[in-house]
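Below you'll find the structure, written out as structure tokens, and then a few comments.
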Amino acid sequence: MSDRLTPILDCRVVVERGAFKLDVEVRVEQAEIVALVGPNGAGKTTLLEAILGWLPLTEGQILLDGRTLEAPRGNTSVQTHEREIGMVFQDGLLFPHLNVMRNIEFGTGKSLEKINGLLAALEISDLVDRYPKELSTGQRQRVALARTLATAPKMVLLDEPLGALDVTGRAVARKLIGNVLRTTGAGALLVTHDPADAFALADRILVLENGRVTQYGSPDQIRTRPATKWVAELVGWNFFEANGTGSLARLSNGTEIATAHSGLDGPVVVTINPTAVALYREQPAGSPRNSWHCRVESIEFVADVARVSLVGPFDLSADVTRAAVAELGIDTGSAVWASLKATEVGIQTLDG
Amino acid sequence: MTPQLPRLLRLAAFVAVAVVAAPLLSLLWRIPWSKLPRLLSTEVVADALFLSLWTSLAAALVALLIGIPIAFQLSRMSGLPASTLRAVATLPMVLPPVVGGAALLFAFGRKGLIGETLDNAAGLVLPYTPAGVVIANAFVATPFVVLTIESGLRALDPRYELAAAALGASPLKTTLRVVLPMIRSSLVAGAFLAWARALGEFGATITFAGNIPGRTQTLPLAVFAAMEADRDAALAMSLVLVFVSLVVLVSLRDKWWPAR
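Protein chains in written order, with numbering that gives the first Met the number 0: chain Y, 0 to 351; chain L, 0 to 259.
Structure below.
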């Protein structure tokens, strides 16, 4: 991910709609998948529609592979159909009056033989004679992706392409889509509400909240250093508002959390990675300052990880291994000790 | 399961249907069935029938050509401009057809605003000609095309057009290959309604094109003329009109009003 490369998409999008203002800078490199996440109403779809030329920019510019698509000040505005940007919609939006073959041929001059590889990769070769209403949701999504990729766009926008699928379908489709997108070399901007999509597919994740980018980084950066409450909740982190004094953060109920920071003064936000929370049956020896007596509220298993929800002086989630749960012999209602190193406590000062 | 209607409402519906059907049944009652083949094969009737058929079809075509662009334009407008344009475009639907015919005379008549130019430039005279019948019919039939197609366009998810554009399709290609095929049931409904309206046209036709047997006398005009002279012939021709109209309306079924 060198900065010397020309990004495929390089844009600043400012769109004003009544009281809502979207102001976002996005750069997508060649063959890079950027996931766009954020709460409802953050402006994700608006951003895609603006990049596509369906909504005029109030300000900013859109460059695709060095070509200016839109610059309101310079009065440049390339029409949507001449932008070389493809879009895959949540419900696929296949043309209902055309069969799969004609849908895929619609945007491309190429005959189907030329894109056989694409059809095979998306496992839709056998569906070409069917009509959209005869396809399952997952098949429709894959046809929609094939239809877009067949036009060889430089940039692909995907608006919740997996949103309509069930959990199993999602996992399969996610893998297929990821593989196919990477082989095309196009840049991709993928809107999703499912963190699993973002973390599994994306090279970078862009977090959009209330029209602004609140975090932009690799999945690891997002996972390990969530910048806002929404991101913290997205990645399953514990998140508390507190009042800082020196190295201590005091929650509103009086519980004190020791941190490795110093000189705290005033309102702060405490973030605790659930994987950093250790659980013990007995009070830990040497009694680290951050240890609390809690009750297990629930245990949820995701693959090998157990998400343990605790009720104690404050509500806390801990991620431990499945084996650890068995070893500790804990179950709903069990009493445990949760402990946390001061160095594992994240502190952010509140801004906005 | 569909919930049952109140008994009173069902009774009212029954009475209403009887009231609507009574005139039609009376018409059928009076038809001289045995003389029907002879009555329908006279020259006046045959001429009127043939004229009615081709002028109404031509008028439906003209109505589509005029109505489709208006409907597209309307579907992209909102507020007062849309209401105003829609009112103008659908005015012939509520206007007394005689007034429409008179307006056409002022426009396309020999001394009319456009008619004089047409006459001078191309020697084209429309009033009191079969072409005039087509114009008069198209004038009253166009609103049906405008309304059905506009409602079809408004019901179409605009994101289909976005999807087509994102696939590199120009606005023209999108219109021809995505929008028009997707609203085809509205197109069919609009065409049929326009045709049925043109077939039954009376007031505008007689005002603008006259009532010349064998030239501008359509079936409805012939029925009117025959009511005085030959009531049996009038009945026979009425039967044809009732039959054709019923066939059109029944075959449209859910295309005009949504199916359950």
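Glycine included, C-beta positions come from ideal geometry on N, C-alpha and C.
What's the C-alpha gap between residue i and residue j?
i	j	result
L/Ala47	L/Phe71	35 angstroms
Y/Val269	Y/Ala241	7 angstroms
Y/Val99	Y/Gln89	17 angstroms
Y/Glu296	Y/Ala226	27 angstroms
L/Ala15	L/Phe143	26 angstroms
L/Pro257	L/Leu251	The predicted position of L/Pro257 is uncertain, since its pLDDT is 45 and thus under 50; no value can be drawn from it.
Y/Phe94	Y/Thr150	16 angstroms
Y/Leu97	Y/Thr67	34 angstroms
L/Ala188	L/Thr147	7 angstroms
Y/Glu299	L/Gly167	47 angstroms
Y/Ile271	Y/Arg129	51 angstroms
Y/Ala355	Y/Leu327	What is shown of chain Y runs 0 to 351, which leaves residue 355 of chain Y out entirely.
L/Leu94	L/Phe201	13 angstroms
L/Thr215	L/Gly78	41 angstroms
L/Ala106	L/Leu123	13 angstroms
L/Trp32	L/Met236	12 angstroms
L/Met92	L/Gly99	10 angstroms
Y/Asp350	Y/Tyr215	Confidence at Y/Asp350 is low in this model, with a pLDDT of 49, below 50, so the placement of that residue should be treated as unreliable; the coordinate-derived value is given next. Whole-angstrom Cα-Cα distance: 17 angstroms.
L/Ser40	L/Leu186	34 angstroms
Y/Arg203	Y/Gln220	9 angstroms
L/Ala140	L/Ile113	21 angstroms
Y/Arg321	Y/Asp330	12 angstroms
L/Asp229	L/Val222	9 angstroms
Y/Leu92	Y/Glu122	19 angstroms
Y/Glu28	Y/Leu8	7 angstroms
L/Ala193	L/Leu27	26 angstroms
Y/Val12	L/Val132	57 angstroms
Y/Val206	Y/Val212	6 angstroms
Y/Ala284	Y/Gly184	55 angstroms
L/Arg37	L/Gly151	44 angstroms
L/Thr7	L/Ala17	Per the sequence presented here, residue 7 of chain L reads as Leu, with Thr not at that position. If I take the Cα positions, the gap works out to 15 angstroms.
L/Ala190	L/Val247	11 angstroms
For the putative contact between residue i and residue j, defined by C-beta atoms under 8 angstroms, what is the C-beta separation to the nearest angstrom?
i	j	result
Y/Asp64	Y/Thr147	Incorrect: roughly 17 angstroms between the Cβ atoms, too far for contact.
Y/Val171	Y/Leu35	Contact doesn't hold; Cβ gap of about 22 angstroms is too wide.
Y/Trp236	Y/Pro273	7 angstroms
L/Gly199	L/Pro170	About 37 angstroms separates the two Cβ atoms, so there is no contact after all.
Y/Ser333	Y/Ala277	With 8 angstroms as the limit, Y/Ser333 and Y/Ala277 do not qualify as a contact, their Cβ atoms being about 15 angstroms apart.
L/Asn136	L/Ala81	With a Cβ gap of about 27 angstroms, L/Asn136 and L/Ala81 do not count as contacting.
Y/Phe313	Y/Phe239	7 angstroms
Y/Leu126	Y/Gln138	6 angstroms
Y/Pro71	Y/Glu58	6 angstroms
Y/Ile32	Y/Ala201	5 angstroms
Y/Leu62	Y/Cys10	6 angstroms
Using alpha carbons as the reference points, say which of the options lies closest to residue i.
i	options	result
Y/Asp157	Y/Ala187, Y/Arg129, Y/Gly243	First, the residue type needs correcting, since residue 157 of chain Y is Leu and not Asp in the sequence shown. Answer by Cα proximity: Y/Ala187.
Y/Phe198	Y/Leu175, Y/Leu233, Y/Thr182	Y/Leu233
Y/Thr159	Y/Met86, Y/Arg224, Y/Ala277	Going by the sequence as given, residue 159 of chain Y is Glu instead of Thr. Here the closest residue by C-alpha is Y/Met86.
L/Leu64	L/Lys34, L/Ala221, L/Phe138	L/Phe138
L/Ile205	L/Ala228, L/Leu84, L/Leu38, L/Val97	L/Val97
L/Leu238	L/Leu10, L/Thr173, L/Ser25, L/Leu8	L/Ser25
Y/Asp264	Y/Glu255, Y/Leu247, Y/Asn252	Y/Leu247
Y/Thr182	Y/Lys153, Y/Gly285, Y/Gly106	Y/Lys153
Y/Arg288	Y/Gln78, Y/Trp53, Y/Thr167, Y/Glu343	Y/Glu343
Y/Asp165	Y/Asp193, Y/Val142, Y/Val179	Y/Asp193
Y/Asn74	Y/Leu118, Y/His260, Y/Leu56	Y/Leu56
Y/Gly416	Y/Arg249, Y/Thr136, Y/Ala143, Y/Leu180	Nothing can be reported for residue 416 of chain Y: it is not among the residues displayed for chain Y, which extend from 0 to 351.
L/Thr54	L/Ala195, L/Val246, L/Val249, L/Ala154	L/Ala195
Y/Ile50	Y/Ile32, Y/Pro131, Y/Trp291, Y/Thr79	Y/Thr79
L/Arg29	L/Asp231, L/Phe242, L/Ala102, L/Ser244	L/Asp231
Residues from the stretch 147–163 of chain L in contact with chain Y, defined by Cβ distance under 8 angstroms | Asp156, Arg158, Tyr159, Leu161, Ala162, Ala163
Identify each residue in the stretch 299–319 of chain Y for which the Cβ-Cβ distance to at least one residue of chain L is less than 9 angstroms, and report them in chain order.
-> none
Within 9 angstroms of chain L by C-beta, residues of the stretch 49–75 of chain Y in sequence order | Leu51, Gly52, Trp53
Could you pull out every unbroken alpha helix (DSSP H) segment of at least 4 residues lying fully inside the stretch 76–148 of chain L, listed in chain order?
-> 78–93, 96–107, 114–121
Below 7 angstroms between beta carbons is the criterion; list the residues of the stretch 75–94 of chain Y that meet it against any residue of chain L, in chain order.
-> Thr79, His80, Ile84, Gly85, Met86, Phe88, Leu92, Phe94
Alpha helix (DSSP H) segments (min. 4 residues) lying fully within the stretch 309–345 of chain Y | 321–327
Mind pulling the alpha helix (DSSP H) runs of 4 or more residues that sit fully within the stretch 236–269 of chain Y?
-> none
Relative to chain L, which residues along the stretch 164–185 of chain Y have a C-beta separation below 8 angstroms, given in chain order?
-> none
Please specify which runs of the beta strand (DSSP E), each continuous and at least 3 residues long, are wholly inside the stretch 106–183 of chain Y, giving them in chain order.
-> 154–158
Between the stretch 166–190 of chain L and chain Y, which residues of the former have a C-beta closer than 9 angstroms to a C-beta of the latter?
-> Leu166, Gly167, Ala168, Ser169, Pro170, Lys172, Thr173, Arg176, Val177, Pro180, Met181, Arg183
What residues from the stretch 122–148 of chain Y come within 9 angstroms of chain L, judged by C-beta to C-beta, listed N to C?
-> Ala143, Arg146, Thr147
Mind listing, in chain order, the continuous alpha helix (DSSP H) runs of no fewer than 4 residues lying wholly within the stretch 141–219 of chain L?
-> 158–165, 170–173, 183–198, 202–207
Closer than 7 angstroms, Cβ to any Cβ of chain L: which residues of the stretch 96–113 of chain Y, in chain order?
-> His96, Phe105, Gly106
Within the stretch 51–101 of chain Y, note down every full alpha helix (DSSP H) run reaching 4 residues or more, in order along the chain.
-> none
Check each residue of the stretch 225–250 of chain Y: if its Cβ is closer than 9 angstroms to any Cβ of chain L, include it; give the result in chain order.
-> none
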